[in-house]
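Colleague: If you read the sequences in order, they're chains A and B.
Everything in the first sequence is counted per the numbering used here, starting at 37 for the first residue and increasing by one.
Everything in the second sequence is counted per the numbering used here, starting at 8 for the first residue and increasing by one.
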Amino acid sequence: MIIQLLIRIILSALDLVFGWFPDFSFLPTLGTINIDSYFATGMGYLHFLAQIFPPLTTLQIAVSIYLGFRAVLLIVKLVLGSRAPIHQ
Amino acid sequence: MKIKIAILIVIISIFSLTDNKVFAYTRYAGQITGVNYLPDQSLPFTSLVYATSSPLLVDPTQCQQFPSFPSFNIPIYNTSGNNLIDGSSYGIIGTTVPPSGVDLSVGTWYLYFFASHSPSINPTLCTGVNGFDIISSGQVQDATRFISLLPVASTTVATSSPTTIGATLFIRDEDFVSGMFLDLSFSNQTVTYAGGSALDAFSSAFGGNRGSPFRFPLVAGINTISTSTTFTTTGVTVGDYRVISPSFLSTISLGLINPDVLIASSTTFTVVQKTGLDIALESNGQNLVSALITGTTTLPVLQCDPNPVTFNLTLCLISVIVPPSPVLKADLEELKSNSPFGWLYRVVSLMASQATSTLPVLSYTFPVSRGPMSGMTIEFDTGEYMTRASNFVNNEAMSDVTGDQKSVWEILQPIVDLLIYLVLFFAMFHDLSGIKLHRNEK
Chain A
37 MIIQLLIRII LSALDLVFGW FPDFSFLPTL GTINIDSYFA TGMGYLHFLA
87 QIFPPLTTLQ IAVSIYLGFR AVLLIVKLVL GSRAPIHQ
Chain B
8 MKIKIAILIV IISIFSLTDN KVFAYTRYAG QITGVNYLPD QSLPFTSLVY
58 ATSSPLLVDP TQCQQFPSFP SFNIPIYNTS GNNLIDGSSY GIIGTTVPPS
108 GVDLSVGTWY LYFFASHSPS INPTLCTGVN GFDIISSGQV QDATRFISLL
158 PVASTTVATS SPTTIGATLF IRDEDFVSGM FLDLSFSNQT VTYAGGSALD
208 AFSSAFGGNR GSPFRFPLVA GINTISTSTT FTTTGVTVGD YRVISPSFLS
258 TISLGLINPD VLIASSTTFT VVQKTGLDIA LESNGQNLVS ALITGTTTLP
308 VLQCDPNPVT FNLTLCLISV IVPPSPVLKA DLEELKSNSP FGWLYRVVSL
358 MASQATSTLP VLSYTFPVSR GPMSGMTIEF DTGEYMTRAS NFVNNEAMSD
408 VTGDQKSVWE ILQPIVDLLI YLVLFFAMFH DLSGIKLHRN EK
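Rendered as structure tokens:
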């Protein structure tokens with residue numbers, strides 16, 4: 037209940053700003069370039085190569101961990117400001 | 008600027024918490040092998056296809072993208088009667104639409120499965136799919152038999168939540184008699200007897216006596232039956248499932264003559280005591296996350312029972328902190344398709360997907376009237392080159408220190424993984440400590 041309340045406050049604010057935007061389920065097509073299809077096929081290639089080249093999977097996990105870590109750092113900096121124990 | 012970035016990070020974090028089987032495309036497909044049907048029979052278009060294992064046994068390394076979206080499909084149902092198995096939809100697809108029926112003994116057929124709302128992209132096909140059974144309700148494919156039992160054998164159920172019991176079974180027209188019913192009884196190997204102790208309305212309506220609390224009327228064809236009960240006695244429990252044909256003798260014998268049992272089967276499972284917290288946190292918290300996002304577990308919405316006798320402080324505290332999953336999911340659903348979140352969500356979905364694409368074949372056609380190769384086409388199939396058995400990375404050409412024959416990657420991968428994680432560690436350490444080179448130290 038408590039967490040839901042916090043999340044709904046955030047979502048309500050976002051919905052207020054972005055709610056009137058059109059819905060999109062797929063990436064756009066620019067002229068004859070179907071970005072969604074290209075991206076889906078590209079990710080398929082990447083997953084295919086990851087089956088053959090196992091370090092790609094490890095690399096993907098490591099990048100995900102690092103992006104999450106950076107996100108946590110940004111949030112801590114945002115909340116604590118100059119009091120954050122992070123030297124960047 | 009920081010606020011914008013932080014808001015974006017929060018949104019990405021929320022999306023990253025989601026189970027990719029809910030939002031992302033997870034589609035595989037397969038040429039049917041091992042299908043249990045009579046080859047000289049034609050299945051009607053509405054034939055039911057039941058999975059006999061969940062998830063279906065698919066070899067994802069044998070997949071390639073289907074050239075076009077299928078023009079028809081036959082859904083594959085799980086034992087609960089819906090076509091969602093392990094979070095994905097399953098079905099048989101074909102490239103032609105027969106007007107009235109499908110003969111599965113002719114031609115090539117494919118099995119595909121995808122996430123709940125992703126049928127607009129061509130499915131991926133795989134060879135070597137097993138673990139399902141095609142049953143036509145109008146035709147005799149096999150003998151009268153149980154297709155599956157609930158609870159599944161060797162599983163664990165908890166005393167703190169209702170357990171779904173039931174069965175999926177097929178009864179031939181020739182075997183069916185009016186008044187036939189399914190009899191479920193449970194016995195515990197730890198104590199003398201433990202039945203479904205908290206009978207629900209269904210068992211009250213159809214319940215019997217003498218240790219057979221569950222009786223379900225049956226019809227000819229496929230029967231999918233389930234209800235819930237709460238087991239209170241822990242330990243190894245055996246469920247006896249019997250299809251009983253009522254006979255005149257058993258009716259007038261006042262129970263002295265056993266009824267005619269057409270078929271019988273049993274399932275053995277373990278009943279354990281679990282608290283709500285155990286259920287929420289088991290599997291490293293996956294159930295908790297699943298409950299937050301999908302509402303697929305039995306995590307309570309609000310379980311602060313005002314009755315002081317049945318009040319459970321743990322469940323109450325959890326339900327106060329944990330958001331009601333259906334409401335939260337609806338909130339996310341409302342927002343996720345709005346621009347630009349729809350695009351962001353789509354990118355995350357595609358990145359989280361495990362679908363593969365076959366690498367393109369490189370080809371070149373020499374110009375006509377230009378030397379001895381004129382008009383000829385040469386091709387280089389990179390996918391075939393990299394995946395064939397004798398390629399470099401899979402070839403068993405090296406030995407490790409113990410003398411075991413291993414491929415190159417089997418030997419090198421631990422080292423490569425270690426290096427990658429070391430780089431990750433130092434990058435994070437650098438960010439935390441702020442240690443960096445001064446300009447005059449370059």
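Cβ coordinates follow ideal geometry from the N, Cα and C atoms, glycine included.
Predicted model only: the values in this text are computed from it and were never measured.
Do the stretch 241-251 of chain B and the stretch 269-279 of chain B touch if we need at least three Cβ pairs shorter than 8 Å?
Modeller: The answer is yes - the stretch 269-279 of chain B touches the stretch 241-251 of chain B, with three or more Cβ pairs under 8 Å.
Colleague: Could you list which residues in chain B have their beta carbon closer than 7 Å to that of A/Leu109, in chain order?
Modeller: Per Cβ cutoff of 7 Å: Asp438.
Colleague: If you drop the 5 nearest sequence neighbours on each side, which residues of the same chain put their C-beta closer than 8 Å to that of A/Phe105?
Modeller: Nothing listed; no residue qualifies.
Colleague: Evaluate A/Ala76 with the Cβ neighbour count: other Cβ atoms within 10 Å of its Cβ, from every protein chain shown; 16 or more gives buried, anything less gives exposed.
Modeller: By the neighbour-count rule (16 or more Cβ atoms within 10 Å), A/Ala76 is buried.
Colleague: Does the Cβ-Cβ distance between B/Pro347 and A/Phe54 come in under 9 Å?
Modeller: Yes, they are a contact pair.
Colleague: Short of 7 Å in beta carbon distance, which residues of its chain neighbour B/Phe223, apart from the five on each side in sequence? Order them along the chain.
Modeller: Phe188, Leu189, Phe213, Ile232, listed in sequence order.
Colleague: At the 9 Å Cβ level, is A/Arg106 part of the contact set with chain B, yes or no?
Modeller: So, interface residue.
Colleague: I'd like to know if A/Gly67 contacts chain B, where contact means its C-beta is closer than 9 Å to some C-beta of that chain.
Modeller: So, not an interface residue.
Colleague: Contact criterion: CB-CB distance below 9 Å. Does B/Pro130 meet it with respect to chain A?
Modeller: With a pLDDT of 42 at B/Pro130, under the threshold of 50, the modelled position of this residue cannot be trusted, and the question is left open.
Colleague: Please list, in chain order, all residues of the same chain as B/Thr175 whose beta carbon is under 6 Å from its beta carbon, the five residues on each side excluded.
Modeller: Result list for B/Thr175: Thr86, Ile154, Ser155, Thr231, in chain order.
Colleague: Can you tell me the Cα-Cα spacing of A/Ser48 and A/Leu42, whole angstroms?
Modeller: So the alpha carbons of these two residues sit roughly 10 Å apart.
Colleague: Quick check: the Cα distance between B/Leu369 and A/Leu92, rounded to an integer number of angstroms?
Modeller: If you take the alpha carbons of B/Leu369 and A/Leu92, they lie about 23 Å apart.
Colleague: Have a look at B/Ser235 and B/Phe193 and give me their C-alpha separation to the nearest angstrom.
Modeller: Approximately 13 Å, taken between the alpha carbons.
Colleague: Look up A/Asn70 in the DSSP assignment and give the residues it is bridged to.
Modeller: The partner list for A/Asn70 (beta bridge, DSSP) reads A/Thr65.
Colleague: For B/Thr274, count neighbouring C-beta atoms within 10 Å of its own C-beta (all shown protein chains included) and say buried if the count is 16 or more, exposed if not.
Modeller: Its Cβ being crowded by 16 or more others within 10 Å, B/Thr274 is buried.
Colleague: Compare the Cα-Cα distances from B/Leu425 to each of A/Ile97, A/Ala86, A/Leu82 and report the closest residue.
Modeller: Per the Cα distances, A/Ile97.
Colleague: Okay, do the stretch 349-357 of chain B and the stretch 64-81 of chain A touch, 3+ Cβ pairs below 8 Å being the bar?
Modeller: Enough Cβ pairs lie closer than 8 Å, so yes.
Colleague: Considering A/Thr94, what are the terminal residues of the alpha helix (DSSP H) in which it resides?
Modeller: Run containing A/Thr94: 91-116, per the alpha helix (DSSP H) assignment.
Colleague: Under a three-way DSSP split, which group does B/Ser370 fall into?
Modeller: Three-state result, B/Ser370: strand.
Colleague: Thinking just about the alpha-carbon of each residue, which of B/Thr171, B/Ala362, B/Thr166 is nearest to the one in B/Ala160?
Modeller: For the residues B/Thr171, B/Ala362, B/Thr166, the minimum Cα distance to B/Ala160 belongs to B/Thr171.
Colleague: For A/Gly117 and A/Val108, what's the separation of their Cα atoms in angstroms?
Modeller: Roughly 13 Å between the two C-alpha positions.
Colleague: Roughly how many angstroms separate the alpha carbons of B/Leu157 and B/Ser252, rounded to a whole number?
Modeller: Computed Cα separation, rounded: 22 Å.
Colleague: To the nearest angstrom, how far is the alpha carbon of B/Phe373 from that of A/Tyr81?
Modeller: The alpha-carbon atoms of B/Phe373 and A/Tyr81 are separated by roughly 28 Å.
Colleague: By how many angstroms is the C-alpha of B/Phe177 removed from the C-alpha of B/Arg152?
Modeller: Distance between the alpha carbons of B/Arg152 and B/Phe177: 5 Å.
Colleague: I'd like the list of long-range same chain contacts for B/Ile19, defined as Cβ closer than 8 Å, with 5 residues on each side in sequence excluded.
Modeller: Per-residue confidence for B/Ile19 stands at a pLDDT of 44, beneath the threshold of 50, marking its modelled position as unreliable; no derived number is given.
Colleague: Please classify A/Met79 as buried or exposed, where buried requires at least 16 other C-beta atoms within 10 Å of its C-beta.
Modeller: Looking at its Cβ environment, which holds 16 or more other Cβ atoms inside 10 Å, A/Met79 is buried.
Colleague: What are the partner residues of B/Glu386, as DSSP defines its beta bridges?
Modeller: Paired residue(s): B/Ser370.
Colleague: Distance check for B/Gly186 and B/Ala271, CA to CA, integer angstroms please.
Modeller: Their backbone Cα atoms lie some 17 Å apart in a straight line.
Colleague: Taking the C-alpha atoms as reference points, what is the distance between A/Asp59 and B/Leu429?
Modeller: The alpha-carbon atoms of A/Asp59 and B/Leu429 are separated by roughly 42 Å.
Colleague: Hey, quick one: how far does the beta strand (DSSP E) through B/Val268 stretch, first residue to last?
Modeller: From DSSP, the beta strand (DSSP E) with B/Val268 extends over 267-279.
Colleague: Return the CA-CA distance between A/Ile111 and B/Thr237, expressed in angstroms with no decimal places.
Modeller: If I take the Cα positions, the gap works out to 45 Å.
Colleague: Hey, out of A/Tyr102, A/Ala120, A/Val115, whose CA is closest to B/Phe436's CA?
Modeller: Selected option, being the one with the closest Cα: A/Tyr102.
Colleague: Output yes if chain A places a C-beta closer than 9 Å to the C-beta of B/Asp424; else output no.
Modeller: Cβ-Cβ to chain A under 9 Å: yes for B/Asp424.
Colleague: Measuring alpha carbon to alpha carbon, tell me which of B/Arg249, B/Ala227, B/Glu181 ends up nearest B/Gly453.
Modeller: Because chain B in this structure spans residues 8 to 449, residue 453 of chain B falls outside the shown range and cannot be described.
Colleague: Using the three-state DSSP reduction, which class does A/Phe60 fall into: helix, strand or coil?
Modeller: Three-state result, A/Phe60: coil.
Colleague: Starting from B/Pro224, trace the alpha helix (DSSP H) both ways and give me its first and last residue.
Modeller: From DSSP, B/Pro224 is part of no alpha helix (DSSP H) but of the beta strand (DSSP E) over 221-224.
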